[in-house]
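S.K.: Going by the numbering used here, the sequence shown opens with residue 500, and the numbers climb by one from there.
In this text, a Cβ means the ideal position worked out from N, Cα and C, and glycines have one as well.
Got a structure for you, written out below as C-alpha coordinates; questions coming shortly.
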Amino acid sequence: MEKINNYYESLFIVDVANGEEATKASVEKFVGIINANAETVVEVAEWGKRRLAYPINDRPEGYYVVVTFQAAPEFPAELERLFNIDEAILRSVLIRLDFVPTAKATVVEEAPVAEVAVEAAVEAEVEAPADAE
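Rendered as C-alpha coordinates:
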(Lines of atoms letter the chains of each structure in order from A and count residues from 1; the text may use other names and numbers.)
(Lines give C-alpha, C1' and ligand atoms only; values in the text may rest on other atoms or scores of the structure.)
Protein backbone atom coordinates (compact mmCIF):
# COMPACT_ATOMS: atom_id res chain seq x y z
CA MET A 1 0.00 0.00 0.00
CA GLU A 2 1.32 3.42 -0.96
CA LYS A 3 2.09 5.88 1.81
CA ILE A 4 -0.11 8.97 1.55
CA ASN A 5 1.41 12.36 2.31
CA ASN A 6 -0.69 15.46 2.67
CA TYR A 7 0.13 19.12 2.95
CA TYR A 8 -0.82 20.97 6.12
CA GLU A 9 -0.64 24.50 7.45
CA SER A 10 -0.36 25.17 11.16
CA LEU A 11 -0.80 28.55 12.81
CA PHE A 12 0.01 28.84 16.49
CA ILE A 13 0.11 31.79 18.87
CA VAL A 14 2.75 31.77 21.59
CA ASP A 15 2.31 33.62 24.89
CA VAL A 16 4.72 36.58 25.10
CA ALA A 17 4.18 37.26 28.82
CA ASN A 18 7.10 35.02 29.85
CA GLY A 19 9.63 37.08 27.92
CA GLU A 20 11.32 37.06 24.55
CA GLU A 21 13.65 34.15 25.33
CA ALA A 22 10.81 31.87 26.41
CA THR A 23 8.84 32.84 23.30
CA LYS A 24 11.79 31.99 21.02
CA ALA A 25 12.30 28.70 22.86
CA SER A 26 8.64 27.71 22.34
CA VAL A 27 8.77 28.62 18.65
CA GLU A 28 12.00 26.65 18.16
CA LYS A 29 10.53 23.69 20.05
CA PHE A 30 7.47 23.36 17.84
CA VAL A 31 9.26 24.14 14.59
CA GLY A 32 11.79 21.47 15.58
CA ILE A 33 9.01 18.95 16.24
CA ILE A 34 7.52 19.69 12.83
CA ASN A 35 10.94 19.44 11.13
CA ALA A 36 11.59 16.08 12.79
CA ASN A 37 8.24 14.51 11.88
CA ALA A 38 7.31 16.10 8.55
CA GLU A 39 8.44 14.81 5.18
CA THR A 40 9.20 18.33 4.00
CA VAL A 41 8.76 21.79 5.46
CA VAL A 42 7.64 24.17 2.74
CA GLU A 43 7.76 27.40 4.72
CA VAL A 44 8.11 28.76 8.24
CA ALA A 45 6.69 32.27 8.53
CA GLU A 46 7.13 34.07 11.81
CA TRP A 47 4.62 36.91 11.78
CA GLY A 48 5.94 38.20 15.07
CA LYS A 49 4.31 39.85 18.04
CA ARG A 50 0.82 41.18 17.33
CA ARG A 51 -2.15 42.47 19.25
CA LEU A 52 -4.92 39.87 19.57
CA ALA A 53 -8.45 40.67 18.40
CA TYR A 54 -9.69 39.77 21.88
CA PRO A 55 -7.78 38.79 25.04
CA ILE A 56 -6.94 35.11 25.41
CA ASN A 57 -6.24 34.09 29.03
CA ASP A 58 -6.10 37.82 29.86
CA ARG A 59 -3.23 38.30 27.38
CA PRO A 60 -3.59 41.16 24.85
CA GLU A 61 -0.64 40.10 22.63
CA GLY A 62 0.81 36.95 21.14
CA TYR A 63 3.61 35.80 18.84
CA TYR A 64 2.23 34.33 15.60
CA VAL A 65 3.95 31.53 13.64
CA VAL A 66 2.69 29.80 10.48
CA VAL A 67 4.31 26.56 9.29
CA THR A 68 3.44 24.87 5.99
CA PHE A 69 4.58 21.26 5.74
CA GLN A 70 4.00 17.84 4.19
CA ALA A 71 3.47 14.92 6.55
CA ALA A 72 1.85 11.54 7.04
CA PRO A 73 -1.84 11.69 8.07
CA GLU A 74 -1.09 10.53 11.64
CA PHE A 75 1.19 13.45 12.54
CA PRO A 76 -1.35 16.36 12.66
CA ALA A 77 -3.34 14.70 15.46
CA GLU A 78 -0.17 14.31 17.53
CA LEU A 79 0.86 17.91 16.81
CA GLU A 80 -2.53 19.21 17.96
CA ARG A 81 -2.19 17.14 21.13
CA LEU A 82 1.22 18.70 21.81
CA PHE A 83 -0.17 22.21 21.19
CA ASN A 84 -2.95 21.55 23.73
CA ILE A 85 -0.54 20.26 26.38
CA ASP A 86 1.90 23.20 26.26
CA GLU A 87 0.80 26.18 28.36
CA ALA A 88 2.89 28.61 26.26
CA ILE A 89 0.56 28.09 23.27
CA LEU A 90 -2.47 30.38 23.49
CA ARG A 91 -4.24 29.10 20.36
CA SER A 92 -3.48 26.84 17.42
CA VAL A 93 -5.14 25.92 14.15
CA LEU A 94 -4.08 23.09 11.86
CA ILE A 95 -5.65 22.63 8.43
CA ARG A 96 -5.12 20.23 5.54
CA LEU A 97 -4.45 22.02 2.27
CA ASP A 98 -6.24 21.02 -0.93
CA PHE A 99 -3.33 22.15 -3.09
CA VAL A 100 0.43 21.78 -3.26
CA PRO A 101 1.89 24.90 -1.62
CA THR A 102 5.02 26.71 -2.71
CA ALA A 103 7.27 28.91 -0.61
CA LYS A 104 6.51 32.59 -0.97
CA ALA A 105 9.29 34.74 -2.36
CA THR A 106 10.92 37.02 0.16
CA VAL A 107 11.20 40.68 -0.72
CA VAL A 108 14.68 42.11 -0.41
CA GLU A 109 14.76 45.85 0.06
CA GLU A 110 17.29 47.59 -2.14
CA ALA A 111 18.03 51.25 -2.60
CA PRO A 112 15.89 52.52 -5.48
CA VAL A 113 18.04 53.27 -8.52
CA ALA A 114 16.00 56.37 -9.41
CA GLU A 115 16.74 58.05 -6.06
CA VAL A 116 20.48 57.40 -6.40
CA ALA A 117 20.47 58.86 -9.94
CA VAL A 118 18.55 61.96 -8.76
CA GLU A 119 20.99 62.52 -5.89
CA ALA A 120 23.95 62.26 -8.27
CA ALA A 121 22.34 64.74 -10.69
CA VAL A 122 21.64 67.23 -7.88
CA GLU A 123 25.25 66.99 -6.68
CA ALA A 124 26.51 67.55 -10.25
CA GLU A 125 24.34 70.68 -10.60
CA VAL A 126 25.62 72.08 -7.30
CA GLU A 127 29.26 71.57 -8.31
CA ALA A 128 28.85 73.00 -11.87
CA PRO A 129 28.78 76.80 -12.11
CA ALA A 130 25.48 78.31 -13.22
CA ASP A 131 27.16 80.69 -15.75
CA ALA A 132 28.73 77.88 -17.77
CA GLU A 133 26.68 78.76 -20.86
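Checking the sheet assignment: what are the DSSP bridge partners for residue 510?
M.R.: Paired residues: 565, 592.
S.K.: Distance, Cα to Cα, residue 536 vs residue 574?
M.R.: Answer to the nearest angstrom: the Cα atoms are 7 Å apart.
S.K.: For residue 543 and residue 505, what's the separation of their Cα atoms in angstroms?
M.R.: Their backbone Cα atoms lie some 17 Å apart in a straight line.
S.K.: Please go through the same chain and pick out, in chain order, the residues whose beta-carbon is closer than 7 Å to the beta-carbon of residue 553, but skip the five residues on each side of it.
M.R.: If we look at residue 553 and ignore the five residues flanking it on each side, it has no Cβ neighbours.
S.K.: To the nearest angstrom, how far is it from the Cα of residue 564 to the Cα of residue 511?
M.R.: In a straight line, the C-alpha of residue 564 is about 6 Å away from that of residue 511.
S.K.: Since residue 579 and residue 593 should fall inside the 8 Å C-beta cutoff, what is the C-beta to C-beta distance between them, to a whole number of angstroms?
M.R.: 6 Å between Cβ atoms; contact.
S.K.: Quick test of your reading: residue 517 and residue 587, contact by CB under 8 Å. State the CB separation rounded to the nearest angstrom.
M.R.: Between residue 587 and residue 517 the Cβ distance is about 7 Å, and since that is below 8 Å, they are a contact.
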